[in-house]
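S.K.:
Numbering (UniProt numbering), first residue to last: 1 to 149.
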């Protein structure tokens, strides 16, 4: 199956696991979609999940998730969010990515949610928030711009 066929099937079935499994980096870090039917907040924005994984540890003393894994998880979440919500079949291309680490990402389950601030014909601006136990205490926030052509 081509990437476009996987994406179309994922959109039609509202099941993005096959799409995520087609991206090697997402598989490497263990990125997964959050089951929307299990959400209790009434919101419909896609959420992503990075399960606790010893291969993602950067600081074994704390232990804490490697900062690059957190950044990659957030960037990949934003790309997938755009793929899930826009009409195009093209993979968004990152223009820039600015990340603020707010606290240590401990060795535990991590979540991300994205918000598209603006989407034009060619560029999308996306805000990403990552947290662990409490969405009101993020471990990192990021802003990304993507080329959509």
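Cβ atoms here follow ideal geometry from the backbone N, Cα and C, with glycine treated the same way.
1. Within the continuous alpha helix (DSSP H) that includes residue 150, where are the two ends?
2. Going by Cα to Cα distance, which pick from 134, 144, 70, 117 is closest to residue 97?
3. DSSP three-state label for residue 83, please.
4. Just to check my reading of the structure: residue 119 and residue 86 have Cβ atoms closer than 8 Å, yes? What is that Cβ distance to the nearest angstrom?
5. Helix, strand or coil, according to DSSP, for residue 137 in the structure here?
6. Enumerate, from N- to C-terminal direction, the unbroken alpha helix (DSSP H) stretches of 4 or more residues contained entirely within the UniProt domain "Thioesterase" (65-137).
7. Give the DSSP-derived three-state secondary structure of residue 57 in the structure shown.
8. Measuring CB atoms only, is the stretch 5-25 touching the stretch 55-71, in the sense that at least three cross pairs come out at less than 8 Å?
9. In three-state terms, what does DSSP make of residue 51?
10. If you draw a straight line from the alpha carbon of residue 24 to that of residue 60, how long is it in whole angstroms?
11. Would a C-beta distance cut-off of 8 Å place residue 99 and residue 140 closer than the cut-off?
12. Under the three-state reduction of DSSP, which class applies to residue 33: helix, strand or coil?
13. Taking just the CA atoms, how far does residue 147 sit from residue 69?
14. Do you know how far the Cα of residue 117 is from the Cα of residue 88?
15. Do you know whose CA, among 82, 46, 50, 30, lies nearest residue 125's CA?
M.R.: Let's see:
1. As shown, the chain starts at 1 and ends at 149. That puts residue 150 outside it, with no answer to give.
2. The residue you call residue 97 lines up with position 97 of the chain shown. Answer by Cα proximity: 144.
3. In the chain shown, counting from the first residue as 1, residue 83 sits at position 83. Looking at residue 83 - three-state DSSP - the assignment turns out to be helix.
4. Here the question's residue 119 lines up with position 119 in the chain shown. Here the question's residue 86 lines up with position 86 in the chain shown. So it is a contact: roughly 7 Å between Cβ atoms.
5. In the chain shown, residue 137 corresponds to position 137, counting from 1. In this structure, residue 137 counts as coil in the three-state DSSP scheme.
6. 67-85
7. Position 57 of the chain shown, counted from the start, is the residue given in the question as residue 57. Residue 57 falls in the strand class under three-state DSSP.
8. no
9. The count along the chain shown starts at 1 and reaches residue 51 at position 51. Note: residue 51 maps to coil in three-state DSSP.
10. One-based indexing of the chain shown puts residue 24 at position 24. One-based indexing of the chain shown puts residue 60 at position 60. Using only the alpha carbons, I get a separation of about 25 Å.
11. Residue 99 sits at position 99 when you count from the first residue of the chain shown. Residue 140 sits at position 140 when you count from the first residue of the chain shown. Yes, the pair counts as a contact, with Cβ atoms nearer than the cut-off.
12. By 1-based counting over the chain shown, the position of residue 33 is 33. DSSP places residue 33 in strand when its eight states are reduced to three.
13. On the chain shown, residue 69 is found 69 positions in, with the first residue counted as 1. On the chain shown, residue 147 is found 147 positions in, with the first residue counted as 1. Taking the straight line joining both Cα atoms gives about 23 Å.
14. Numbered from its first residue, the chain shown carries residue 88 at position 88. Numbered from its first residue, the chain shown carries residue 117 at position 117. About 18 Å.
15. Taking the first residue of the chain shown as position 1, residue 125 is located at position 125. Ranking 82, 46, 50, 30 by Cα distance to residue 125 puts 82 first.
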